[in-house]
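Enquirer: In this text, residue positions in the sequence shown follow my numbering: the first is 25, and each later residue adds one.
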Amino acid sequence: MKARAKVYYVFAIAVISISSVSAYIYFDASQQKFFAFKVDFHIHTYGSDGIYSPSEVVNIYRNAGYDIIAITDHNIISYYDEAKTAGDAVGMTVIKGEEITEEFVDGTMLHIIALFITEKIDIAFPLKEIILTINSSVTFPDDTWDRREALERLNEIKQQYETEINFYMVKAEFDKIHELGGIGIVAHPNTSWENWKDYVDCSFIDAWEYARVKNSSDEVLCSEINDILKNKIQILSHDFHGKYSYELPHMDYLTEAYTFLYSRSTAELDIKDAILSDRIMTHP
Ligand SMILES: [Zn+2]
Ligand SMILES: [Zn+2]
25 MKARAKVYYV FAIAVISISS VSAYIYFDAS QQKFFAFKVD FHIHTYGSDG
75 IYSPSEVVNI YRNAGYDIIA ITDHNIISYY DEAKTAGDAV GMTVIKGEEI
125 TEEFVDGTML HIIALFITEK IDIAFPLKEI ILTINSSVTF PDDTWDRREA
175 LERLNEIKQQ YETEINFYMV KAEFDKIHEL GGIGIVAHPN TSWENWKDYV
225 DCSFIDAWEY ARVKNSSDEV LCSEINDILK NKIQILSHDF HGKYSYELPH
275 MDYLTEAYTF LYSRSTAELD IKDAILSDRI MTHP
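(1) Taking the C-alpha atoms as reference points, what is the distance between Asp-146 and Asn-99?
(2) Considering Glu-122, what are the terminal residues of the beta strand (DSSP E) in which it resides?
(3) My output table needs one value for Leu-134: the three-state DSSP class, helix, strand or coil.
(4) Under three-state DSSP, which class holds Gly-143?
(5) For Gln-56, is the classification buried or exposed, using 16 other Cβ atoms within 10 angstroms of its Cβ as the cut-off for buried?
(6) Quick one: what's Ser-79 bridged to in DSSP?
(7) Let me make sure I understand the geometry here. Which of Glu-173, Asn-87, Glu-271 has the alpha-carbon closest to that of Lys-62?
(8) Check this for me: beta carbons of Leu-139 and Gly-206, under 8 Å apart or not?
(9) Mark Leu-300 as exposed unless 16 or more other C-beta atoms lie within 10 angstroms of its C-beta, in which case mark it buried.
(10) For Cys-226, count the other beta carbons within 10 Å of its own beta carbon; 16 or more makes it buried, fewer makes it exposed. Which is it?
(11) Examine the Cβ distances between the region 169–189 and the region 122–138 and report whether three or more of them are shorter than 8 Å.
(12) Whose CA, out of Phe-149, Arg-172, Leu-178, Pro-150, lies closest to the CA of Thr-163?
(13) Cβ of Ala-211 versus every heavy atom of ligand 1: is any distance shorter than 7 Å?
(14) Kindly give me the distance between the Cβ atoms of Ala-235 and Ile-257, rounded to whole angstroms, as I take these residues to be in contact under 8 Å.
(15) Grouping DSSP H, G and I as helix and E and B as strand, with all else coil, what is Leu-260?
(16) Is His-135 near ligand 1, going by C-beta to nearest heavy atom under 7 Å?
(17) Do Val-81 and Val-114 come within 8 Å of each other at the CB atom, strictly closer than that value?
(18) Just to check, is the beta-carbon of Phe-202 closer than 7 Å to a non-hydrogen atom of ligand 2?
(19) Under 8 Å, do Met-116 and Tyr-85 count as touching if we go by C-beta distance?
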């Protein structure tokens, strides 16, 4: 949901304080009460390609006024525990997450944010088996083939079934996330929009990240993407690493752009409900 569409926010009646952060109470049309939580669901630590420890990340976000964050390192979840302990110490909610990091057949990024997962998601994708699932009559080169000829033939098959192989992988990742009770969000769709554009109407995708220029694509493309996704559930996340030029020197961008989530509480079920009910306001 976008700010302009949110008529019922005019019913804001009070400002209260939850721990050290001010949170606004809002009532929706059915008079339900929600708190506004400042959130970021895409953050790296030095457990993958970020530069800060999980505890440092928690403090950086605390100082920037955030209430709920998710630790989403590439293909690893073991740095969550330290962040959770640090979060508990300062009254910040930390969600266990992972940035599932794969590639589409054309080599572009197939990155998916998995939140609330109970274990690491790491699916093997044996090309031959996938293709046979798509078409069981495909014949593959065997040992009797010339090596170069065999590689060329494999590549040919791969190109021929590119769309189907991509779909197989994307669907398998989201199915696994859901099987573990999690929520799956397409990360920075602009980095491989040529592929992601075919998935806009896929119901198994829970949400999309807001397209942002800093992920190496142009402003026109990003606004086109955000326009196409405007009726989908969209979340502005920072893909925090703490090392890139746009993040330095003071990391002001964390306070300049952010997302508010309207949730009953910081309990897992309520956060999930807030995301899936699209009680989200992005401030790009
Ligand atoms: Zn990524
Ligand atoms: Zn990332």
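C-beta: ideal position from N, C-alpha, C; glycine also.
Keep in mind the model is a prediction, meaning the values are calculated, not measured.
Expert: In short:
(1) If you take the alpha carbons of Asp-146 and Asn-99, they lie about 7 Å apart.
(2) That run of the beta strand (DSSP E) goes 117–127.
(3) strand
(4) Here residue 143 turns out to be Glu, not Gly, going by the sequence shown. Here Glu-143 sits in coil by DSSP.
(5) exposed
(6) Answer is none; Ser-79 lacks a bridge partner.
(7) When Glu-173, Asn-87, Glu-271 are compared, the shortest CA-CA separation from Lys-62 is found for Asn-87.
(8) yes
(9) exposed
(10) exposed
(11) yes
(12) Selection Phe-149, Arg-172, Leu-178, Pro-150 evaluated against Thr-163 yields Leu-178 as nearest (Cα-Cα).
(13) yes
(14) Incorrect: roughly 14 Å between the Cβ atoms, too far for contact.
(15) coil
(16) yes
(17) Not closer than 8 Å, so no.
(18) Per the sequence presented here, residue 202 reads as His, with Phe not at that position. No; taking the cut-off as 7 Å, the Cβ of His-202 has no heavy atom of ligand 2 nearer than that.
(19) yes
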